[in-house]
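Enquirer: Provided herewith is a single structure, encoded as structure tokens, for subsequent inquiry.
Protein chains: 2
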Amino acid sequence: MENTTTHILIADDHQMVIDGIKSMLSHNKEYQVVAEANNGQAAFDLIASNPERIKLLLTDISMPLLSGTELCKMVKAQFPHIQVLVLSMYNNVTAVKEAVMAEADGYILKNSGKEELLNALYRITNDGTFFSQDIVPIIYSQYQKQKIQDEELNMLSPREKEVLSLIVKELTSEEIAEKLFISKKTVDNHRQNLFVKCNCKSTVGLVKYAIKHGID
Amino acid sequence: MENTTTHILIADDHQMVIDGIKSMLSHNKEYQVVAEANNGQAAFDLIASNPERIKLLLTDISMPLLSGTELCKMVKAQFPHIQVLVLSMYNNVTAVKEAVMAEADGYILKNSGKEELLNALYRITNDGTFFSQDIVPIIYSQYQKQKIQDEELNMLSPREKEVLSLIVKELTSEEIAEKLFISKKTVDNHRQNLFVKCNCKSTVGLVKYAIKHGID
DNA sequence: ACTAAAATAGGTATATATACCTATTAGAAT
DNA sequence: ATTCTAATAGGTATATATACCTATTTTAGT
């Protein structure tokens, strides 16, 4: 298995990208580009016509007729032996998330160099998966966003946070009042104040706010 | 800047870990371990006594007196010039998330080899950040969990999903009825059925269910 | 000592949601 | 043909939430 050549199908609507990758792999015996397609549907048809020929699918995300993530889903569902490496120009969380949920085995950015590509191919064929180092800062920024949101939480008073937490636990105002040994009226006042502070108009909005800020 | 030695403080409650790292870096001119501490508080005191001496803090997460993440927060708040690389034995999402939220510049696992450590140090001092490749599969598994939850969503009928989506958008039953050209009564029936299917007893529960499954 | 904010609680309406019913129709599946 | 589910809608109560008020006490900050 180890020393067998990995047969690759490249799917990308930009022929130059395909040619570039082919060129990069041309001096490498381990990887051989045996097929190419300029849209997702063509790529799927090529695979379906002879599934055993392809060992790895190297695909772009945005392509005509069938997107790379959709292609990935279909391939993984019907031909699970084929590994999929998504090659994207999008460095946002959503794109990465979609790729992972489509069961892609790896994700690298188009501005990666030759080394990164070879590294990705090596890691995928040996370790099973590879995700570009470049996507980590993206997740990093997500978490930092959450940190800022947490600071926004300080607008709420301790008691308000307490009440909000119980609201999210599906307690009614009356039940919350009993639990906190205060009047139902007081709870309702907190609720009103929370509407203003959380900038929403109903309990539904409060729940969304609470979850967004990690109260549960 | 490039050819200056990076002065490192190691904080870890296991002396063997400290000695191991010192040994690994001993033959490397770029990195010099100039201080060490066995708990977070001691590490912070060492930094505070002479902040300019330290360029990089290499810290464990779980330590007595002051945890690595808390230490990181304090250092980043008061001595932002110091870069922080978190060295953890926990490979779970929460640990990584906490480290990032503490503004750590990097995160690697304790079972990483010498190469990974050197790579991390190089990337941090040059690129600013480094996060171990090992943490990606963790995030990967998080996303896959979400995918399974999405399949659970198929228990809901298309119309129910539609109604649920509008509920989460803070519309009342009456407003939803108008929007879908149906009776308010019908909307309320969908709501009741959603309670059963989502296993909750109020709209609050529905909102939590919806958000958990990506409806918004 | 003064001020501001937080937490408390009450009154009075109205709006909305929830808990039970029953019942019809359309479409899909067996 | 028949069975099942989804989607529709109505009746009748009750429970809960929401929108305005006012007002007191406590606590923290200047």
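Those sequence lines, one after another, are chains A and B. The opening residue of the first sequence carries number 1 in the numbering used here; numbering runs sequentially from there. The opening residue of the second sequence carries number 1 in the numbering used here; numbering runs sequentially from there. No residue lacks a Cβ here, since even glycine has one placed at the ideal position from N, Cα and C.
Residue range of the alpha helix (DSSP H) that aspartate 19 of chain A falls in?
Expert: Translated into positions along the first sequence, residue 19 of chain A becomes position 19. It spans 15-25 - the alpha helix (DSSP H) in which aspartate 19 of chain A sits, taken as one unbroken run.
Enquirer: DSSP puts aspartate 216 of chain B in a beta bridge; with which residues?
Expert: For this step, residue 216 of chain B is matched to residue 216 along the second sequence. Per DSSP, none; premise fails for aspartate 216 of chain B.
Enquirer: Tell me which residues of the stretch 193-213 of chain A have at least one Cβ-Cβ distance to chain B shorter than 8 Å, keeping chain order.
Expert: Cys200, Lys201, Ser202, Thr203, Val204, Gly205, Val207, Lys208 and Ile211
Enquirer: Return the CA-CA distance between tyrosine 31 of chain B and isoleucine 61 of chain B, expressed in angstroms with no decimal places.
Expert: Along the second sequence, one-based indexing puts residue 31 of chain B at 31. Along the second sequence, one-based indexing puts residue 61 of chain B at 61. Spanning the two alpha carbons is a distance of roughly 22 Å.
Enquirer: Please classify valine 196 of chain B: is it buried, with 16 or more other beta-carbons within 10 angstroms of its beta-carbon, or exposed?
Expert: Position 196 of the second sequence, counting from 1, holds the residue named residue 196 of chain B. Its Cβ having fewer than 16 others within 10 Å, valine 196 of chain B is exposed.
Enquirer: Please confirm if the stretch 84-94 of chain A is in contact with the stretch 103-117 of chain A, defined as three or more CB-CB distances below 8 Å between the two stretches.
Expert: yes
Enquirer: For the candidate residues A/Tyr122, A/Thr94 and A/Glu115, whose alpha-carbon lies nearest to that of aspartate 105 of chain A?
Expert: As a first step, residue 105 of chain A must be located in the first sequence, where it is residue number 105. Of the listed residues, the one whose Cα sits closest to aspartate 105 of chain A is A/Tyr122.
Enquirer: Going along the chain, which residues of the stretch 158-170 of chain B sit with their C-beta nearer than 9 Å to a C-beta in chain A?
Expert: Taking 9 Å as the Cβ-Cβ cut-off against chain A, the residues of the stretch 158-170 of chain B that qualify are Ile167, Val168, Lys169 and Glu170.
Enquirer: Which runs of the beta strand (DSSP E) fall wholly inside the stretch 41-99 of chain B and span at least 3 residues, in chain order?
Expert: 56-60 and 83-88
Enquirer: Would you mind working out which of B/Ile47, B/Thr129, B/Val34 and B/Met24 sits nearest asparagine 79 of chain B, comparing C-alpha positions?
Expert: To locate residue 79 of chain B, count along the second sequence from 1; it is residue 79. Reading the sequence as shown, one finds phenylalanine at residue 79 of chain B and not asparagine. Among B/Ile47, B/Thr129, B/Val34 and B/Met24, the Cα nearest to that of phenylalanine 79 of chain B is on B/Ile47.
Enquirer: Distance check for leucine 117 of chain B and threonine 125 of chain B, CA to CA, integer angstroms please.
Expert: By one-based count along the second sequence, residue 125 of chain B stands at place 125. By one-based count along the second sequence, residue 117 of chain B stands at place 117. The alpha-carbon atoms of threonine 125 of chain B and leucine 117 of chain B are separated by roughly 12 Å.
Enquirer: Given a threshold of 16 other Cβ atoms within 10 Å of its Cβ, counted over all protein chains shown, does threonine 59 of chain B qualify as buried or as exposed?
Expert: Reading the second sequence from its first residue, position 59 is the one you call residue 59 of chain B. The residue in question, threonine 59 of chain B, is buried, as its Cβ has 16 or more Cβ neighbours within 10 Å.
Enquirer: Per DSSP, what kind of secondary structure is glycine 205 of chain A in: helix, strand or coil?
Expert: Counting from 1 along the first sequence, the entry for residue 205 of chain A is found at position 205. It is helical.
Enquirer: Using 8 Å as the Cβ pair cut-off and three pairs as the minimum, do the stretch 165-178 of chain B and the stretch 129-136 of chain B touch?
Expert: no
Enquirer: Out of curiosity, what's the CA-to-CA distance linking histidine 190 of chain A and lysine 208 of chain B?
Expert: Within the first sequence, residue 190 of chain A is the residue found at index 190, counting from 1. Within the second sequence, residue 208 of chain B is the residue found at index 208, counting from 1. Inter-residue distance for histidine 190 of chain A and lysine 208 of chain B is about 21 Å (C-alpha atoms, whole angstroms).
Enquirer: Should aspartate 150 of chain A go down as buried or exposed, given a rule of 16 or more other Cβ atoms within 10 Å for buried?
Expert: Counting from 1 along the first sequence, the entry for residue 150 of chain A is found at position 150. Exposed is the call here.
Enquirer: Compute the distance between the beta-carbons of histidine 213 of chain B and glutamate 152 of chain B, then report whether it is under 8 Å.
Expert: Taking the first residue of the second sequence as 1, we reach residue 213 of chain B at position 213. Taking the first residue of the second sequence as 1, we reach residue 152 of chain B at position 152. Against a cut-off of 8 Å, the Cβ pair of glutamate 152 of chain B and histidine 213 of chain B comes out as a contact.
Enquirer: Return helix, strand or coil for leucine 9 of chain A, following the three-state DSSP convention.
Expert: Residue mapping note: residue 9 of chain A aligns to position 9 of the first sequence, counting from 1. Looking at leucine 9 of chain A - three-state DSSP - the assignment turns out to be strand.
Enquirer: Please return the same chain residues whose Cβ sits closer than 6 Å to the Cβ of leucine 56 of chain B, not counting the five positions on each side in sequence.
Expert: Here residue 56 of chain B is taken as the residue at index 56 of the second sequence, counted from 1. Thr6, Ile8 and Gln83, listed in sequence order.
Enquirer: Could you tell me the boundaries of the alpha helix (DSSP H) in which isoleucine 182 of chain A lies?
Expert: Translated into the one-based positions of the first sequence, residue 182 of chain A becomes position 182. Careful: isoleucine 182 of chain A lies outside any alpha helix (DSSP H) and carries neither H nor E.
Enquirer: Please state whether DSSP places glutamate 36 of chain B in a helix, a strand or coil.
Expert: If you number the second sequence from 1, residue 36 of chain B lands on position 36. In the structure shown, glutamate 36 of chain B sits in a strand (DSSP, three-state: E or B).
Enquirer: I'd like to know whether the C-beta atoms of aspartate 19 of chain B and asparagine 39 of chain B end up nearer to each other than 8 Å.
Expert: Taking the first residue of the second sequence as position 1, residue 19 of chain B is located at position 19. Taking the first residue of the second sequence as position 1, residue 39 of chain B is located at position 39. With a cutoff of 8 Å on beta-carbon distance, aspartate 19 of chain B and asparagine 39 of chain B are scored as not near each other.
Enquirer: Name the two residues that bound the continuous beta strand (DSSP E) containing isoleucine 124 of chain A.
Expert: For the purposes of this step, residue 124 of chain A is taken as residue 124 along the first sequence, with counting starting at 1. Unbroken run through isoleucine 124 of chain A is the alpha helix (DSSP H), 114-127; no beta strand (DSSP E).
Enquirer: Excluding the 5 residues preceding and the 5 following glutamate 70 of chain B in the sequence, name in chain order all residues of the same chain whose CB lies nearer than 8 Å to its CB.
Expert: Position 70 of the second sequence holds residue 70 of chain B. The beta carbon of glutamate 70 of chain B sits closer than 8 Å to those of Gly40 and Ala102, all from its chain and outside the five residues before and after it, given in chain order.
Enquirer: Which word fits methionine 155 of chain B, buried or exposed, when buried means at least 16 other C-beta atoms lie within 10 angstroms of its C-beta?
Expert: Translated into the one-based positions of the second sequence, residue 155 of chain B becomes position 155. Classification for methionine 155 of chain B: exposed.
Enquirer: Sort B/His27, B/Glu36, B/Asn28 and B/Lys29 by Cα distance to valine 17 of chain B and report the nearest one.
Expert: Residue mapping note: residue 17 of chain B aligns to position 17 of the second sequence, counting from 1. Nearest C-alpha to valine 17 of chain B: B/Glu36.
Enquirer: What did DSSP end up calling leucine 156 of chain B once you bin it into helix, strand or coil?
Expert: Numbered from its first residue, the second sequence carries residue 156 of chain B at position 156. Looking at leucine 156 of chain B - three-state DSSP - the assignment turns out to be coil, as it is neither helix nor strand.
Enquirer: Check for me: the beta strand (DSSP E) holding leucine 109 of chain B runs from which residue to which?
Expert: Here residue 109 of chain B refers to the residue found at position 109 when the second sequence is read from its first residue. Start and end: 106-109.
Enquirer: Here's a check: name, in chain order, each residue in its chain whose Cβ is nearer than 7 Å to the Cβ of alanine 95 of chain A, leaving out the five neighbours to either side.
Expert: For the purposes of this step, residue 95 of chain A is identified with residue 95 of the first sequence, where counting begins at 1. Within the same chain, alanine 95 of chain A has close Cβ partners Ile61 and Ser88.
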